[in-house]
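Line order of the protein sequences matches chains A and B. Residue 1 is where the first sequence starts when you use the numbering used here, and the numbers rise one by one after that. Residue 1001 is where the second sequence starts when you use the numbering used here, and the numbers rise one by one after that. Since the structure comes first, as structure tokens, the remarks are kept for the end.
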Amino acid sequence: MKHMHLQFGNDGVATLTLERDGGSVNIICDDFMNDLGGALDIVAQRQDCPGLVVRSAKAGFLAGADLTMLAAEFPAMTARRGYEISQRISGLLRRLETLGIPSVAIVDGAALGGGLELALACTRRLASENAVLGLPEVNLGLLPAAGGTQRLPRMIGAKNALDLLLVGKTVDANKAAGLGIVDEIVSAEDSQDVAKRWLLARPAPEQPWDRKGYRPPEARGLVLPEVALSYSLAAAGVAGKSGHRQPAPVAILSCVFEGMQLPFDRALQIESKYFGRLLSGKVAQNIVATTFLARQAALKGARRPHGHERRTVGRLGVVGAGMMGAGIAQLAATAGIEVVLVDRTSALAERGKAYSARSMDKLIERGRMTRDKADALLGRIAPTDDFAQLSACELVVEAVFEDAAVKADTIRKVEVVTGADTIYASNTSTLPIGGLAQASIRPDRLIGLHFFSPAERMELVEVIRGAQTSDATLAASLDFLSQLRKTPIVVKDGRGFYTSRVVQFFINEGAAMVGEGIAPARIENAARSIGFPVGPLALLDEVTIDLPVTIHDQAQSQESDIAEPAGLPTLRRMQELNRHGRSSGRGFYDYPEDGPKHLWHGLSQAFALAGQQPDDAEIERRLLYAQSLEAVRCREGGILETDEDGDLGSVFGWGFPAWTGGALRFIETEGVARFVTNAKELARRHGSRFEPTARLVERAKSAA
Amino acid sequence: MQDILIYDHARTPRGKGRPDGALHEIPAVQLLIQQLEAIRDRNTLDTALLDEVAIGIAQPVAEQGGVLPRAAVIGAGYDQSVAAIQLNRFCASGLDAINLVAGQIGTGMAQAGIGGGVESMSRVAFGTDAGAWTSDPRIAFGGYFAPQGIGADIIATIDGYSRADVDAYAAESQRRAARAWDEGRFAKSVVPVRDLLGEIILARDEAIRPGTTREDLAKLKPAFAGLADAGYGRIAQERYRQIEALDHVHTGGNSSGIVDGAATVLLGNAEFGARSGLKPRARIRSWASIGSEPTIMLTAPADVGRKALASAGMAVTDIDLFELNEAFASMVLRFMNIMNVDHDRINVNGGAIAMGHPLGATGAMILGTALDELERSGKSTAMVLLCAANGLGSATIIERV
Chain A
1 MKHMHLQFGN DGVATLTLER DGGSVNIICD DFMNDLGGAL DIVAQRQDCP
51 GLVVRSAKAG FLAGADLTML AAEFPAMTAR RGYEISQRIS GLLRRLETLG
101 IPSVAIVDGA ALGGGLELAL ACTRRLASEN AVLGLPEVNL GLLPAAGGTQ
151 RLPRMIGAKN ALDLLLVGKT VDANKAAGLG IVDEIVSAED SQDVAKRWLL
201 ARPAPEQPWD RKGYRPPEAR GLVLPEVALS YSLAAAGVAG KSGHRQPAPV
251 AILSCVFEGM QLPFDRALQI ESKYFGRLLS GKVAQNIVAT TFLARQAALK
301 GARRPHGHER RTVGRLGVVG AGMMGAGIAQ LAATAGIEVV LVDRTSALAE
351 RGKAYSARSM DKLIERGRMT RDKADALLGR IAPTDDFAQL SACELVVEAV
401 FEDAAVKADT IRKVEVVTGA DTIYASNTST LPIGGLAQAS IRPDRLIGLH
451 FFSPAERMEL VEVIRGAQTS DATLAASLDF LSQLRKTPIV VKDGRGFYTS
501 RVVQFFINEG AAMVGEGIAP ARIENAARSI GFPVGPLALL DEVTIDLPVT
551 IHDQAQSQES DIAEPAGLPT LRRMQELNRH GRSSGRGFYD YPEDGPKHLW
601 HGLSQAFALA GQQPDDAEIE RRLLYAQSLE AVRCREGGIL ETDEDGDLGS
651 VFGWGFPAWT GGALRFIETE GVARFVTNAK ELARRHGSRF EPTARLVERA
701 KSAA
Chain B
1001 MQDILIYDHA RTPRGKGRPD GALHEIPAVQ LLIQQLEAIR DRNTLDTALL
1051 DEVAIGIAQP VAEQGGVLPR AAVIGAGYDQ SVAAIQLNRF CASGLDAINL
1101 VAGQIGTGMA QAGIGGGVES MSRVAFGTDA GAWTSDPRIA FGGYFAPQGI
1151 GADIIATIDG YSRADVDAYA AESQRRAARA WDEGRFAKSV VPVRDLLGEI
1201 ILARDEAIRP GTTREDLAKL KPAFAGLADA GYGRIAQERY RQIEALDHVH
1251 TGGNSSGIVD GAATVLLGNA EFGARSGLKP RARIRSWASI GSEPTIMLTA
1301 PADVGRKALA SAGMAVTDID LFELNEAFAS MVLRFMNIMN VDHDRINVNG
1351 GAIAMGHPLG ATGAMILGTA LDELERSGKS TAMVLLCAAN GLGSATIIER
1401 V
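See the structure below:
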């Protein structure tokens, strides 16, 4: 056996210890399943075995399925094959459950997904205080396919189970014990003894659903009005929370609804069938590919140049103690890095630190941070107005006002005091690194690190490599981001880089549609329907209506041949109407003090509504295609060096819907041929921004 | 096709559909039995001449299941040869039962029959017959199911009916219903319900609130805002993207009331009338059913009305009187607007907002109400319409003879 070993004690008790060959945690791969089957064969043949203990010798219990293994089959995946994959692991756990001897899972650390499902298939679960349990499959567009949707509701009730299954959240040992997922909380040292003692008392090995006369909990189904009402409301809740583009949540709900009416093995088959439907669908494959595989690869250094020693930042400089700078300082301090937080005056610098102090207070209030830890963390942030304090910093992040002159001035001030080795990272969202480099005496040490706001929560950082940025600087910067546990994408220098450039096409398209007389609510609802966190008009109000106008005007003053973006006249008209966005209290929305914001009623006067409103699908398509096509242009023009960067950047940078897999992968989701046909039609109707590139047209031809 | 003639109509008064409602102690089957007895006795009918008793029941489960009409036929002492069927098209069931019998007579497959409906909402609670369409997650989610009240608020929001508009309509429904009772306009059809002692337990529509003003109605809380927050609001926006936020104008006061009741309509061909010594009161000109957008599920009436008109070769202007079930105020206002029907021509004696909506029974009740009103006012033609859940709807056109 490769990933586990089986031992029998003098008392006859079998202990199956999961210990994956390689890797830091246990995962369920093909060999794991072979091993588990073999182990169960051996245990089944022992006459005198009173019971089985399942535990882990790794950090954590078992972290779920090997998604790389699943993803390898994606191109040829069918619903039937997905069903079989699920039935295999589900069948193994079912075998464990029906061995005829009791079993105990000892959960120390994380038991997630298939890991928790293995534990649920045991007769009893012991957990140490640090255990973390959950079924996060929904977040990958999947469902727990090894009995999770059946055992959990049978153990803790459909409602409690759905709370976990539909959100994919994890619970700690105490919460799990309260819910009835964990039977007993036992320290890691004592757990083996406690487990054995319980097994040697010869408890009944069958679960309730394997006893004679068992009736499924909801065998009467919709005959009971309260059951009917609860599933009706649950379906509405799923639609309200996740919308209609994600098949996983409703599939999970269906598994519970249908499964709870069926005998256990039939219920497991239903679960496997729903799993097969999800796994063979594009949405789950997209979510796994981008939000898991590409993200993991990025975190593991997929874009890090080879041949450079790994570096860690012990002391970080942050220049500019506004919300962004303060957030970055907090992040670094959380990662154990000493931070020098500089601003023009010590009062401003102090204010930046106070931002973190407030965050800590909130965390303490919610019980997610201790005072000691918070004090230690805050102790690592040293606010000052003295640039000389930056001298010992290995890396300086500049987060000053987004203005070329201010940034150039800051570079000069910092480089005077820092060492020749210090990396200078500008947190710019739009200004080309090449331009900033002109102010630098060490342009090879200059790089762009575009954090998203709020920096302590948004996990993406867009790393911009200037023409002169060295590989060593890039490698060290990625090492620094790894310390902060940020997901990096690496892009080339250019106006707006990647994320700021493409998201413009989202807001511009929204503004353009307003100008055409499309009802604003239709635009906002379309964006929400396809899965954007906010509509383009709401987003414009947040970033201010002035920002895209200023960006365009600046660009045009520097390069006169810049095309006017769609929607610019709408934005200028809004400026004329003195509606600049949320910060000014009025934009596309009104912000009444005594109620929620709502679209400005005057919009339909300012932009007369068209008598004929387009189909919902056309509005959705315009929002998605405008961005995807610009992402393609970034890819073909070299701003993006990999598709994965484009997809990760879009999903984690500005909330491009995860079900699409990202701005580039969306094209495959649509089908290249269909995408090109639709794009051409959009170009005919709405302008050249929708014209597919020559290479896309070629791809469509070869795909057809 | 043979002439399809209406010979009589009887209905119960409507009791409040709650435990303190007068009819709560009367099982649904008994409500129907008393109506069948009334139709037989007041027409000295030889029940052996009837081919069919078709009864609409919107919650055909529990005590309302098991082909309740057959049990009622036997319980009422009808000849055992009379066939019985229960059918369900949600709120339109009672009218569809009449249309079913009409079809049998029209095609010559039957001579005579009774169509009607029964619903004891106090005894078989709303939601007892949930079904896949509301509660199987795959179907409910995929079908963008939302409760009817949400649909009513969607109509108000996209058509722009304000709270004042719907309350004004509701107050008028109350006023008209009260006047109709005061003037005895329902006297011909209402058969009081009797209890086990044989005493009258209810003789008048119980849920009606005479004297209700717009001001009274304005005080009521929106009934469906909570449901919108539960997820149905977003479902509404998915289907109707022009909605930024639902305008929750509907309350208990401008929506149909929950009540108990039953109604029957005696139908037959001319030969049946001659043999029974009965004079026909009206003929059925045409009928129709359709499906419409299921999330709102209240917009069928205009289209189903047009379909019935086309079958009859009639125009909207040929109809003297409209009787459209008042499920919610907004859907009636929408119908009036689309069909260009003046309020004077529709629901002239009030409707379900005032008197209540006993689901499966309502279609038969309002057909009778229309017939009585045609006779009272000396008019000729009436169209009876109901929207039904999941986007369904039915209509019937009658004409006095």
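Each residue gets a CB set at the ideal place from its N, CA and C atoms; glycine is no exception.
Is the CB of residue i under 8 Å away from at least one CB in chain A?
i	result
B/D1153	no
B/Q1242	yes
B/A1230	yes
B/D1372	no
B/G1252	no
B/I1158	no
B/A1389	no
B/I1296	no
B/E1063	no
B/Q1237	yes
B/F1224	no
B/R1123	no
Check whether the Cβ of residue i lies closer than 8 Å to any Cβ atom in chain B.
i	result
A/R684	no
A/A158	no
A/S272	no
A/A228	yes
A/V238	yes
A/S604	no
Name, in chain order, the residues that DSSP records as bridge partners for residue i.
i	result
B/T1012	B/T1012 is not bridged to any residue.
A/I489	A/E462
B/V1384	B/E1323 and B/T1396
B/G1287	Reading the sequence as shown, one finds Trp at residue 1287 of chain B and not Gly. Answer is B/T1396, bridged to B/W1287.
B/I1338	Beta-bridge pairing links B/I1338 to no other residue.
A/G581	A/R586
A/A14	A/F8 and A/L52
Leaving out the 5 sequence neighbours to the left and right, which residues in its chain are closer than 6 Å to residue i when beta-carbon positions are compared?
i	result
A/A146	I89, S90, L93, G114 and E117
A/A631	V502, G646, A663 and L664
A/G12	D48, C49 and P50
B/R1239	Y1144 and T1295
B/G1108	Q1002
A/I287	L140, G141 and A658
A/R310	D479
Once the 5 residues before and after residue i are set aside, which same chain residues still bring their CB inside 7 Å of it?
i	result
A/A566	N508, E509, A512, G687 and R689
A/A65	I27, I28, G113 and G114
A/L390	G317, V340, V342, V396, V414, V417 and T418
A/M369	M360 and L363
A/P217	R154 and M260
B/I1139	A1132 and W1133
A/A294	E644, D647 and L648
For residue i, collect the residues of the same chain with a Cβ closer than 8 Å to its Cβ; drop the 5 residues on either side in sequence, then sort them by chain order.
i	result
B/G1211	Q1174 and A1178
B/I1200	P1192, V1193 and R1194
A/G9	T15 and K196
* Asked: Are the segment 221-233 of chain A and the segment 1085-1102 of chain B touching, with three or more C-beta to C-beta distances below 8 Å?
  -> no
* Taking three-plus beta-carbon pairs below 8 Å as touching, is the segment 1234-1250 of chain B in contact with the segment 1142-1162 of chain B? -> yes
* Sufficient close CB pairs (3 or more, under 8 Å) joining the segment 504-522 of chain A to the segment 596-609 of chain A -> yes
* **Start-end ranges of the beta strand (DSSP E) lying completely within the segment 1197-1265 of chain B, minimum 3 residues** => 1200-1202, all fully within the segment 1197-1265 of chain B.
* Asked: Which full runs of the beta strand (DSSP E) of 3+ residues lie inside the segment 77-127 of chain A, going along the chain?
  -> 103-107, 110-112 and 124-127
* Counting pairs of beta carbons, one from the segment 460-472 of chain A and one from the segment 484-500 of chain A, are three or more of them closer than 8 Å? -> yes
* Residues from the segment 1127-1139 of chain B in contact with chain E, defined by Cβ distance under 8 Å -> Although the question refers to chain E, the structure presented lacks it and instead comprises the protein chains A and B.
* Asked: Does the segment 1305-1320 of chain B touch the segment 1279-1289 of chain B, meaning 3 or more C-beta pairs lie closer than 8 Å?
  -> yes
* To do: Go through the segment 1022-1046 of chain B residue by residue and report every complete run of the alpha helix (DSSP H) that reaches 4 residues or more, in order.
  => 1028-1042
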